[in-house]
Amino acid sequence: MMKNWLKLVAVALLFYVHIAGILFAVPRLNILNETIRALYFHVPMWFGMVLLFLLSVYYSIRYLRNPLPQHDYRAVEYANVGLVFGILGMLTGMLWANFAWGSPWHGDPKQNGAAIALLVYLAYFVLRGSVENEEQRGRLSAVYNIFAFAAMVPLIFIIPRMTSSMHPGSGGNPGFNMYDLDSRMRLVFYPAVVGWFLVGVWIVSLRVKVRTLEEEILEIEHGKIH
4 MMKNWLKLVA
14 VALLFYVHIA
24 GILFAVPRLN
34 ILNETIRALY
44 FHVPMWFGMV
54 LLFLLSVYYS
64 IRYLRNPLPQ
74 HDYRAVEYAN
84 VGLVFGILGM
94 LTGMLWANFA
104 WGSPWHGDPK
114 QNGAAIALLV
124 YLAYFVLRGS
134 VENEEQRGRL
144 SAVYNIFAFA
154 AMVPLIFIIP
164 RMTSSMHPGS
174 GGNPGFNMYD
184 LDSRMRLVFY
194 PAVVGWFLVG
204 VWIVSLRVKV
214 RTLEEEILEI
224 EHGKIH
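In my numbering, the protein residues as written are 4 to 229.
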């Protein structure tokens, strides 16, 4: 379970991020103007997603080495919450793009890559739902999870940098320079990354606990029947 002090840190950081994200000054830029505040929510969601997916892969590898149910629970729940973060990151990005670029979807390489990556992870849950045997489901989904993460990395971080893109840091468009990571914005951006990640871990710990209790109840009921 997640330590209580980490929960307090997560709540404090996000409280600070929401207040500072609204009230602190931001660079005045053409087109972006006040919409640049979306950076505090859109990008940290993606960072949180990647870190949660990485932890999911870690537990998938642990499950393949030692097939304990707890490893499988953690792998699937980290992927579950990571996918939610990815969807939220996509939605906040579309909202931002609507103001900054004129429409929520441009077929931008990074947008397309992110959408494909999320579909790859959706297939992970379809796979889990299609296999009834618990151990077989755990092993197949663990192997697929590793593949999904390996596919996500080039889709989001490599291919967009090799093509023309409207996103910062892609296709010659500079990323995290003076306008999108101004020294004033760093005071909010970095706490946002840490805060959202900690909230993700917190949610995972709760979901793993619920899943464990559900399995224990099923075992008790199964024992009573027999």
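Every residue gets a Cβ at the ideal spot worked out from N, C-alpha and C, and that includes glycine.
Classification of residue i by the beta-carbon crowding that lies within 10 angstroms, buried from 16 upward
i: Gly105; result: exposed
i: Val129; result: exposed
i: Ile234; result: No answer is possible for residue 234: it lies beyond the span of the chain, which begins at 4 and ends at 229.
i: Met181; result: Caution is warranted here: a pLDDT of 44 is assigned to Met181, below 50, making its placement in the model unreliable, and no coordinate value can be reported.
i: Leu121; result: buried
i: Leu16; result: buried
i: Phe27; result: exposed
i: Ser63; result: buried
i: Thr215; result: exposed
i: His225; result: exposed
i: Trp99; result: buried
i: Ala126; result: exposed
i: Pro177; result: Its pLDDT being 49, under 50, Pro177 is placed unreliably in this model, and the value from its coordinates should be taken loosely. Per the 10 Å Cβ criterion, exposed.
N- and C-terminal bounds of the alpha helix (DSSP H) containing residue i
i: Asp75; result: 72 to 103
i: Lys113; result: 112 to 133
i: Pro30; result: From DSSP, Pro30 is part of no alpha helix (DSSP H); its letter is neither H nor E.
i: Leu54; result: 42 to 68
i: Arg237; result: Nothing can be reported for residue 237: it is not among the residues displayed for the chain, which extend from 4 to 229.
For the pair the stretch 45 to 56 and the stretch 196 to 205, tell me if three or more CB-CB distances fall below 8 Å.
As far as the Cβ criterion goes, the stretch 45 to 56 touches the stretch 196 to 205, which means the pair count is three or higher.
Check whether the stretch 66 to 82 and the stretch 158 to 167 are in contact - that is, three or more C-beta pairs closer than 8 Å.
Taking a contact to require three or more Cβ pairs closer than 8 Å, the stretch 66 to 82 and the stretch 158 to 167 do not qualify as touching.
Check whether the stretch 133 to 152 and the stretch 74 to 93 touch, using three or more Cβ-Cβ pairs below 8 Å as the test.
Flag = yes, the stretch 133 to 152 and the stretch 74 to 93 touch.
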